[in-house]
Amino acid sequence: MASQKTLLYLGLFLFAEIITAADPNSKAENVRWTSLDFKTMLTWTSKTPQQTYTVKFSRPEGDWYEARNCLGTASECDLSAELKPFNEFYTADILTDNEDHDSDYGHDEFQHTESTPFNPYRDSNISAVEFSVRALSSSTVRLNIIDTLTSVHEGSKQLTIRDIFTKDLKYKIIYTKSGNTGKRENISDSSRAEVTKLDAATSYCFMVAAYIPSRPTSTQLGAWSRQLCEKTHEESSSMHELSMGALVAVIFVLLTVFIIIVTVTALCCKKRQQTEKSLQTTQSQTSAPV
Ligand SMILES: *[C@@H]1O[C@H](CO)[C@@H](O)[C@H](O)[C@H]1NC(C)=O
Ligand SMILES: *[C@@H]1O[C@H](CO)[C@@H](O)[C@H](O)[C@H]1NC(C)=O
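Read left to right, the sequence shown gives residues -21 to -1, 1 to 269 (mature numbering (1 follows the signal peptide of the UniProt record, and there is no 0)).
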């Protein structure tokens, strides 16, 4: 009986603690958007750890929707799946929950903090891409760039940055001659890029970044990839080898034909000489004694 009473008091005490800790004036602070490859998070800080918030978001002139993944006392929420279409400016509003939540307070009656507008299509950072490089000739190298996967799913398909940006996505390629500081760059519309006008039998090092020129300057360029190096082929080596091979073949054929002709001629002459000789001897034999 006594222990039950203690438990009850303890419970009441804890409840009172929570109520007082949940300062109704505890607004969300330092509200920020972070976004990488279209994984978009809203984060904020709170003076009272127990405080719960409700997050709403809207497009300009649009309705306010309650974010589904932003419940409880967490001070962040994942809005990746909800900020669609991508190319719109979204504003989030973080409402401080209070005890009278169920009463008829209007939207303005809650303590709340609004975020700055955020547009995933323009503002989401793009991480470094992976690519491979292969020399095609003495002057050309091909880069195969892998379009980075985003956090966005459409049905069972995970979208790449190419699926989202389509024609707006380019790749910026910078390359240097090995051991040389001079940087050159080229921009490729496709994920399969060719760099031309290179020197033969020379090693070049390449780096690639996603590049979206339709965006504002500060967010046009994704992170730079790691560097990969590749050596171009020898000076028109393939042509050289081909002609050398052909020359050898021609000489071989000519030589063979020549030998055959010489041999055949020699054999023929020998035979003719023999026949002539034997003819002469028979003639002289028949004509001698009469
Ligand atoms: C993108 O990256 C830059 C540099 O790291 C950072 O300052 C910025 O806050 C990031 N933007 C988003 C939306 O995450
Ligand atoms: C630059 O890229 C374009 C498109 O891929 C290509 O046609 C052109 O040859 C490249 N130029 C150089 C100097 O690599």
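Each residue gets a CB set at the ideal place from its N, CA and C atoms; glycine is no exception.
Going by CA-CA distance only, name the one from the options that's closest to residue i.
i: R141; options: S170, R121, Y154 and I153; result: S170
i: R121; options: N77, D102, V112 and T70; result: V112
i: residue 270; options: V174, K149 and T181; result: Any question about residue 270 goes unanswered here, given that the chain covers just -21 to 269.
i: G201; options: L233, F89, F68 and S14; result: S14
i: W23; options: D72, C184 and I124; result: D72
i: P99; options: L62, D126 and Q29; result: L62
i: S197; options: N104, E109 and K149; result: N104
i: T75; options: L58, S106, I125 and Q30; result: Q30
i: N123; options: T129, A114, V131 and S130; result: A114
i: I143; options: Y154, I191 and Y183; result: I191
i: M20; options: F97, L58, T27 and S54; result: L58
i: A179; options: K6, E93, V229 and E214; result: E214
i: A107; options: V187, R47, G161 and K176; result: V187
i: S94; options: T244, A225 and W12; result: W12
i: residue 285; options: S130, W43 and I153; result: Not covered by the structure: residue 285. The range shown for the chain is -21 to 269.
i: L50; options: T244, Y32 and I152; result: Y32
i: D139; options: T160, T155, A189 and P96; result: The displayed chain sequence assigns Thr, not Asp, to residue 139. Considering only alpha carbons, the answer is A189.
i: I125; options: T119, F110 and S116; result: F110
When you measure from the CB of residue i to every non-hydrogen atom of ligand 1, does any distance come out below 7 angstroms?
i: residue 272; result: Residue 272 lies beyond the range of the chain shown here (-21 to 269); nothing can be said about it.
i: W23; result: no
i: N159; result: no
i: L115; result: no
i: S204; result: no
i: N104; result: yes
i: T13; result: yes
Grab the span of the alpha helix (DSSP H) containing residue i for me, first residue to last.
i: residue 350; result: Past the edges of the chain, shown from -21 to 269, lies residue 350, and the structure says nothing about it.
i: I153; result: Premise fails: I153 lies in the beta strand (DSSP E), K149 to K156, not in any alpha helix (DSSP H).
i: R101; result: P99 to D102
Following the continuous beta strand (DSSP E) through residue i, name the residue where it begins and the one where it ends.
i: residue 307; result: No answer is possible for residue 307: the residues shown for the chain start at -21 and end at 269.
i: I124; result: V120 to I125
i: D57; result: E55 to D57
i: R163; result: K162 to S167
i: R171; result: R171 to V174
i: F144; result: It is not in any beta strand (DSSP E) - F144 instead sits in the alpha helix (DSSP H) that spans I140 to F144.
i: K24; result: The sequence shown places Thr at residue 24, rather than the Lys named in the question. Note, T24: beta strand (DSSP E), K18 to T24.
i: L128; result: L128 to E133
i: R113; result: E109 to A114
i: F36; result: Y32 to S37
i: A189; result: S182 to Y190
i: E92; result: Before going further, note that residue 92 is Thr rather than Glu in the sequence given. Per DSSP, T92 belongs to the beta strand (DSSP E) from H91 to E93.
i: L50; result: Premise fails: L50 is in no beta strand (DSSP E) and is neither H nor E.
i: E209; result: L207 to K210
Counting Cβ pairs, one atom from each stretch, are 3 or more of them under 8 angstroms apart for the stretch 30 to 41 and the stretch 61 to 69?
yes
Segment contact flag, the stretch 193 to 213 with the stretch 231 to 242, C-beta cutoff 8 angstroms, min 3 pairs:
no
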